[in-house]
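Here the structure is laid out as C-alpha cells; the discussion comes afterwards.
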Amino acid sequence: MKTLHVISHSPFGDSRLTSCLRLLGTQDALLLCGDATYALKTDSEPFRALQSAGLEGRLFALDEDLQARAICGEPAQAVDYPAFVELSLHYDKVNTWL
Numbered sequence: 001m002k003t004l005h006v007i008s009h010s011p012f013g014d015s016r017l018t019s020c021l022r023l024l025g026t027q028d029a030l031l032l033c034g035d036a037t038y039a040l041k042t043d044s045e046p047f048r049a050l051q052s053a054g055l056e057g058r059l060f061a062l063d064e065d066l067q068a069r070a071i072c073g074e075p076a077q078a079v080d081y082p083a084f085v086e087l088s089l090h091y092d093k094v095n096t097w098l
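Taking this note's numbering, the leading residue of the sequence shown gets 1, the next gets one more, and so forth.
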C-alpha cells in the first residue's frame with residue numbers, strides 16, 4: 001500500500017523525521033510542511049538524512065512554507081495546496097506524523 005507521509009514538526013526538536021525515514025517503503029512519499037521544511041537546510045543532519053534516503057521523485061515540500069522560511073527546497077519538489085490534495089489522492093493512505 002502506497003503511503004504519503006506528512007511531517008510538519010521541526011526535525012531539530014524531535015525524532016519524527018528519523019522515525020519516518022526508517023519506515024518509508026519504496027513506493028511511499030514524504031511531504032514536508034510547516035517547520036519540517038527546515039530539514040531542507042543544506043549542511044544539516046536532517047538534510048543529509050533526506051539525501052541518503054533515496055527519495056528521488058518522492059520528496060515534496062509545501063511551497064508556501066518554503067517561502068515563509070526562505071528555504072530553497074532542493075532536493076524536494078515544491079507543491080502548492082492543490083498539488084498537495086492531488087498527492088493525497090494519488091496515494092492509498094496518508095499518514096500525518098502528529
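Every residue gets a Cβ at the ideal spot worked out from N, C-alpha and C, and that includes glycine.
How would you write the range of the beta strand (DSSP E) that A83 sits in, first residue to last?
Unbroken run through A83 is the alpha helix (DSSP H), 81-90; no beta strand (DSSP E).
Since F60 sits in a beta bridge, which residues does DSSP pair it with?
L31, Q77
Mind checking D65: buried by the 16 CB within 10 Å criterion, or exposed?
Label assigned to D65: buried.
Neighbourhood of T96 by C-beta, 6 Å cutoff - its chain only, sequence neighbours within 5 removed:
V6
Span of the beta strand (DSSP E) around T3
3-7
Could you give the DSSP three-state label for T96: helix, strand or coil?
strand
How would you call L89, buried or exposed, if buried means at least 16 neighbouring beta carbons within 10 angstroms?
exposed
F84 classed as buried or exposed, judged by whether at least 16 other C-beta atoms fall within 10 angstroms
buried
The segment 60-79 contacting the segment 22-37, beta-carbon criterion three pairs below 8 Å
Short answer: they touch.
Relative to the alpha-carbon of L40, which residue among G25, D63, Q27, S19 has its alpha-carbon at the smallest distance?
Nearest option by C-alpha distance: D63.
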